[in-house]
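*Asks:* Protein chains in written order, with my numbering: chain A, 14 to 127; chain B, 3 to 114.
Sharing a structure here in structure tokens format.
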Amino acid sequence: GAGVSQSPSNKVTEKGKDVELRCDPISGHTALYWYRQSLGQGLEFLIYFQGNSAPDKSGLPSDRFSAERTGGSVSTLTIQRTQQEDSAVYLCASSLGPAPWAQHFGDGTRLSIL
Amino acid sequence: ELKVEQNPLFLSMQEGKNYTIYCNYSTTSDRLYWYRQDPGKSLESLFVLLSNGAVKQEGRLMASLDTKARLSTLHITAAVHDLSATYFCAVDPQGGSEKLVFGKGTKLTVNP
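Right, dumping it as structure tokens:
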């Protein structure tokens, strides 16, 4: 597709379960970002990948959160032992190079923890 | 720590009226971005402001940046229903950093 694709679009799971969220960036985009948007809040930066460089993980809220990007393309965000406060929309964005002003956002994954 | 504050957080206005949304931030930056988000949708880039005094206009929306006052405004002229959405500002705290800091958003409702 032409845009950033995220899956699933919605995920409901029980507290304590692990979840994996997927992001397919725009082809050729070397930079990939993950954000979290809690209800009524702005976006909170989580992690940033740029090419083969070590990712900037400084926004990850706890060690239950991790992300990887395989082959410089698809990325997965994993949340282990989910908690209710993890409920949010998780947005992925990509850009051609490190250009935050030119990010293209996916539609997000709405995560609900019961 | 950079803080970004938008106000108002909620705005209900009638079609044809003018209004301004404000975005204040706490540390020096000369890069600020505005986004629009429709319900259940992702963010759409509206404006990229990269210097003091920058002004950008698109249709009924105009954005400006005053880096000395650490303030950006998004002005709405003669609002129409199609402008109903949530508007976010985001500040690049280190000029080229990828860690944008977002405001909480302003939910705009334009009533016929």
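Where a beta carbon is used, it is the ideal one built from N, C-alpha and C, also for glycine.
Could you compute how far the alpha carbon of Leu102(B) sits from the alpha carbon of Ile78(B)?
*Replies:* Taking the straight line joining both Cα atoms gives about 24 Å.
*Asks:* Under a Cβ-count criterion, where at least 16 other Cβ atoms within 10 Å of its own Cβ denotes burial, should Phe12(B) be classed as buried or exposed?
*Replies:* It counts as exposed.
*Asks:* Could you tell me whether the Cβ atoms of Pro114(B) and Glu17(B) are closer together than 8 Å?
*Replies:* Yes, Cβ-Cβ distance for Pro114(B) and Glu17(B) is below 8 Å.
*Asks:* For Asp31(A), name the three-state secondary structure that DSSP assigns.
*Replies:* Three-state result, Asp31(A): coil.
*Asks:* State whether the region 31-45 of chain A contacts the region 96-105 of chain A, with contact taken as three or more CB pairs (one from each stretch) at a distance under 8 Å.
*Replies:* Segments in contact, yes.
*Asks:* Let me check one thing: in DSSP terms, what residues is Lys43(B) bridge-paired to?
*Replies:* DSSP, once it has assigned bridges, lists no residue as partnering Lys43(B).
*Asks:* By DSSP's criteria, Asn113(B) is part of a beta bridge. Which residues make up the other side?
*Replies:* According to DSSP, Asn113(B) bridges with Gln16(B).
*Asks:* List, in order along the chain, the chain A residues whose C-beta lies closer than 7 Å to that of Phe104(B)?
*Replies:* The answer, in chain order, is Gly55, Leu56.
*Asks:* Note down the Cα distance separating Thr91(A) from Ala80(B), rounded to an integer number of angstroms.
*Replies:* If you take the alpha carbons of Thr91(A) and Ala80(B), they lie about 45 Å apart.
*Asks:* With distance defined between alpha-carbon atoms, name the residue in Leu127(A), Leu45(A), Asp76(A) nearest to Ala106(A).
*Replies:* The candidate whose alpha carbon is nearest that of Ala106(A) is Leu45(A).
*Asks:* Per DSSP, which residues does Asn38(B) bridge with? Please list them.
*Replies:* One detail in the question is off: residue 38(B) reads as Arg in this sequence, not Asn. Note: Arg38(B) sits in a beta bridge opposite Glu46(B), Tyr89(B).
*Asks:* 8 Å is my cut-off, CB to CB: does Trp47(A) come that close to chain B?
*Replies:* Closer than 8 Å: no.
*Asks:* Going by beta carbon distance, what residues of the same chain come within less than 6 Å of Arg123(A), once the five residues before and after it are set aside?
*Replies:* So the qualifying residues of the chain are Asn23, Val102.
*Asks:* So is Ser74(B) buried or exposed if we call it buried at 16+ other beta carbons inside 10 Å?
*Replies:* Burial call: buried.
*Asks:* On the CB-based measure, 16 or more other CB atoms within 10 Å of its CB, does Ser88(A) come out buried or exposed?
*Replies:* Answer is buried; the Cβ neighbour count reaches 16.
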